[in-house]
Amino acid sequence: MHFEDVTQFGKRCLAPLSDESFDSLIYYLKTRKRLNLANPRTYTEKLLYIKRNDHNPLMTVCADKYRVGEYLAQCGCVSIQKRIYGIYQNPYEIDLKELPDRFFLKCNHGSRGNYLVDSSTRGDFPAMQKELASILKRNYYWQSREWAYKEIKPCVICEEALLDSQGSLPVDYKFYCFNGKVEYFMVSIGEYEHHARNHKFGRDCRSVDYKFKAAPTLPESEIVLPANIDEMIAISEQLAQPFRHVRVDLYDIEGRIVFGELTFYSNGGFVCIPNEETELELGNLLSIDGLARRSKSNE
């Protein structure tokens, strides 16, 4: 059984499992190994340990794609926020006549429900509204038991559509922060079209892609890092300070740094890097000192 299949019916069939038992099952299905949370050593083991045991309430605020703006304001980073045109609890209340010719719609409580609305897609808007209404009824905590998403109040965000100088959707820059420090980052293209290709770099901007996969999906020769990459790293580390682990997503729009989102558990925490040396190397960089293991009754 594939991981994606499990998550689709996870709420209905796996609901009786504790969060820790759920993680142990999915981890085994993905790796054919037992999950060691008693003495976690690898990157994935430690990330799942954090997922289960770190219940910092700030994580719920920051996992909310709307309320994270409150945290950006606290950090003095309002300038990197996208322009927001409206917030809706009911997608059928969205009035196209009150909005720009081009904008982006997304839900605040998960990774589903992302739509670019422009002249070529406005005819599909009723179908978008129907899908958004369905998505708002879901609690994405149940999909992979990501604690931070459990208490988010769902809504639809209408925001500016980011485009590069060629009128295309921009490159994603994802900065993986361990205990407040960027250890590596990923350059990713084609995510909105579901044909993502990526390449990973160390904090020194040297390629480390070979540590994560056998063959590159996006050759280094096709990548030109932005001139403000050091500033992007600095912003990521500023936003990451309160957290043991977080991924900071940013964009570069003609020199303007724009915030995307904060993600605490990439792929639900099931990173499962094929290269075991990389798993251990990153695990050694991620400290969980002082984070006590919660009992199953307290999950």
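Numbering-wise (this note's numbering), the sequence shown opens with residue -13 and increments by one.
All C-beta atoms, glycine included, are put in the ideal place defined by N, C-alpha and C.
Can you find the residues in the same chain that come closer than 7 Å, C-beta to C-beta, to residue i, ignoring five residues on each side of it along the sequence?
i, result
"Asn94", "Asp50, Lys51, Tyr52, Ile138, Pro140, Cys141, Ile143"
"Leu266", "Arg27, Thr28"
"Asn25", "none"
"Leu82", "Arg108, Phe111"
"Ser105", "Asp87"
"Cys198", "The sequence shown places Phe at residue 198, not Cys. For Phe198, where only same-chain residues beyond five positions count, the Cβ hits under 7 Å are Lys186, Ile259, Asn261, Thr264."
Let me know if residue i comes out buried or exposed under the rule of 16 or more other beta-carbons within 10 Å of its beta-carbon.
i, result
"Gly276", "exposed"
"Gly153", "exposed"
"His185", "buried"
"Glu263", "exposed"
"Lys37", "buried"
"Lys19", "exposed"
"Gln60", "exposed"
"Gly62", "exposed"
Look at the alpha carbon of residue i and the alpha carbon of residue j, and state the distance between them as a whole number of angstroms.
i, j, result
"Arg242", "Met172", "19 Å"
"Tyr71", "Asp110", "20 Å"
"Ile219", "Val234", "9 Å"
"Cys163", "Ala226", "6 Å"
"His(-12)", "Lys16", "With a pLDDT of 47 at His(-12), under the threshold of 50, the predicted position of this residue should be treated as unreliable, though the coordinate-derived value follows. If I take the Cα positions, the gap works out to 8 Å."
"Pro112", "Ala182", "27 Å"
"Tyr196", "Ile209", "16 Å"
"Leu236", "Asn214", "11 Å"
"Leu119", "Tyr74", "Looking at the sequence shown, residue 119 is not Leu but Ala. Those two C-alpha atoms are separated by around 11 Å."
"Thr249", "Val54", "11 Å"
Which residues in the same chain as residue i place their Cβ atom closer than 6 Å to its Cβ, once the five residues preceding and following it in sequence are excluded?
i, result
"Glu(-10)", "The predicted model places Glu(-10) with a pLDDT of 47, which falls under 50 and marks its position as unreliable, so this point remains unresolved."
"Glu31", "Asn22"
"Glu146", "Lys68, Arg69"
Residue i and residue j look like a contact to me (Cβ under 8 Å); what is the Cβ gap, rounded to whole Å?
i, j, result
"Asp150", "Ile239", "7 Å"
"Tyr159", "Arg189", "So it is not a contact: roughly 13 Å between Cβ atoms."
"Arg230", "Ile259", "Between Ile259 and Arg230 the Cβ distance is about 18 Å, and since that is not below 8 Å, they are no contact."
For residue i, I'd like the list of residues in its chain whose CB is within less than 8 Å of its CB, leaving aside the five on either flank, ordered along the chain.
i, result
"Ser193", "His185, Lys186, Phe187, Glu206"
"Ala278", "Asn39"
- prompt: Residue ranges of each alpha helix (DSSP H) run of no fewer than 4 residues wholly in the stretch 106 to 173, ordered along the chain?
  reply: 111 to 121, 127 to 130
- prompt: Can you list, in chain order, the stretches of the alpha helix (DSSP H) that have 4 or more residues and sit fully within the stretch 51 to 94?
  reply: 54 to 60
- request: Note down, one range per segment and in chain order, each beta strand (DSSP E) of at least 3 residues found wholly within the stretch 13 to 46.
  value: none
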